Amino acid sequence: MKIPSALSVLVGAALLVAASWAQAYPEHPIRLIVPYTAGGGADFVARIYAEGLAARLGQQVVVENQAGANGNIGAEAVARARPDGYTLLLTASSSLTINPALYKKMPYDATRDFAPVGIVAIQPNILVVHPSLPVHTVKELVAYAKANPGRLTFASAGVGSSGHLSGELFKSVAGVNMIHVPYKGTAPATADLLAGHVLVMFNNLPPALPMTRAGTLRPLAVTGAARSPAAPDYPTMAEAGYPGVEVTVWNAVLAPAGTDDKIIGRLNEALTALSKDDGIRKRLIDQGVETVSSTPEQLSKRLADETRQWQTVASQAGIQAQ
């Protein structure tokens, strides 16, 4: 009978300990880092899911905001954390797929430094205009822009934001010239749009909904693949005649690379169940956000596909982070 070597015994013991440790997960509170300020869309989604995760996993899930550099600071903190399942990232897609196209040097590699867990929520952008602009459809806006080249201005929450990239994509697909006016956040951009200082904006749907419903902004189309349940009367850009302008802002959960597959599977199973919870779905839909679920593999593919898309858009428009 062959006697196992000391090395093989140690390796086997280590594997048994790792398996037991993963099965016992979680044994203490989990940090869920959001790389943006409190009160924003990703933070709202994170806090709702954190409540549900805590109930399903039997441990507290603490949301921690680490804002800065378009989400890079908080994302880097997770990328450098121990891969033990106790430090997770809930982020918007922009910090993973748009930032690599804007920054010459990134503090992390989204495909190498993270273990994807799953997508949890999506929301489209919405194309809105000031009511003084004599257009009521996307085609009318394009015709107006072509008849008045360089006179239309469009606002965004900042260089490299999803609203900025949506506007650049629209310009490219529709063949129009609009001047980008970046602001330091959604609130000041929206304020100037309401005042008529700028005339067009691609905004996230949740903050724009109250103003479109009140008539202070005119909605033209949403950028999702389908109409939003929160605004079923608003057509998609594809229905409006511009199928190439499809932009979905999504929120996903990721762990540091090297996290045990059993832990990833446990988290994905919990998030998938929460995405189908009627209470959670209603709370998010009321704000213009849809719950979704995905496998880690589907999230990985989406990361790769959208990173390539935004690199092309940013390169063609000559966009770099300021």
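Using our numbering, the first residue of the sequence shown is number 6, and each one after it goes up by one.
Just so you know, even glycine gets a beta-carbon here, dropped at the ideal spot from N, CA and C.
Small disclaimer: the values here were computed from a predicted structure and weren't measured.
Around the beta carbon of T312, 16 or more other beta carbons sit within 10 angstroms, so the residue counts as buried. Shown here, Q128 sits in a strand according to DSSP, grouped into three states. When the beta-carbon positions are compared, V39 and V68 come within less than 8 angstroms of each other.
At the C-beta level, V143 and A231 stay beyond 8 angstroms of one another.
For S161, the enclosing beta strand (DSSP E) has its first and last residue at T158 to S161. No Cβ-Cβ contact shorter than 8 angstroms links P34 with L259.
Here the region 180-187 makes contact with the region 145-162; the two share three or more CB pairs at distances below 8 angstroms. Non-local C-beta neighbours of H169 in its own chain, meaning closer than 6 angstroms and more than five positions away in sequence, comprise S161, ordered along the chain. Scanning the region 50-134 from its first residue to its last, the whole alpha helix (DSSP H) runs of 4-plus residues come out as 77-84, 99-102 and 104-107. Under the three-state reduction of DSSP output, M183 falls in the coil class, being neither helix nor strand. Rounded to the nearest whole angstrom, the CA to CA distance from M242 to D89 is 42 angstroms. Using a Cβ-Cβ distance cut-off of 8 angstroms, the region 270-279 and the region 105-115 are not in contact, since fewer than three pairs of beta carbons, one from each stretch, lie closer than that value.
Counting along the chain, V254 sits inside no alpha helix (DSSP H); it lies in the beta strand (DSSP E) bounded by residues T253 to P261. Taking a contact as a CB-CB distance under 8 angstroms, the pair I124 and A257 counts as one, their CB atoms being some 5 angstroms apart. According to DSSP, residue pairing for N208 in a beta bridge involves I131. Following the DSSP letters along the chain, one finds V147 inside the alpha helix (DSSP H) bounded by residues V143 to A152. In the three-state scheme derived from DSSP, where H, G and I count as helix and E and B as strand, I269 is classed as helix.
Remark: C-beta atoms of Y41 and A72 approach each other more closely than 8 angstroms. Burial check for K281: the Cβ neighbour count within 10 Å stays below 16, so the residue is exposed. For R286, the uninterrupted alpha helix (DSSP H) segment begins and ends at D283 to I290.
For the 8 angstroms CB-CB criterion, T217 and V250 do not form a contact. When secondary structure is reduced to three states using DSSP, V294 falls in the coil class, being assigned neither helix nor strand.
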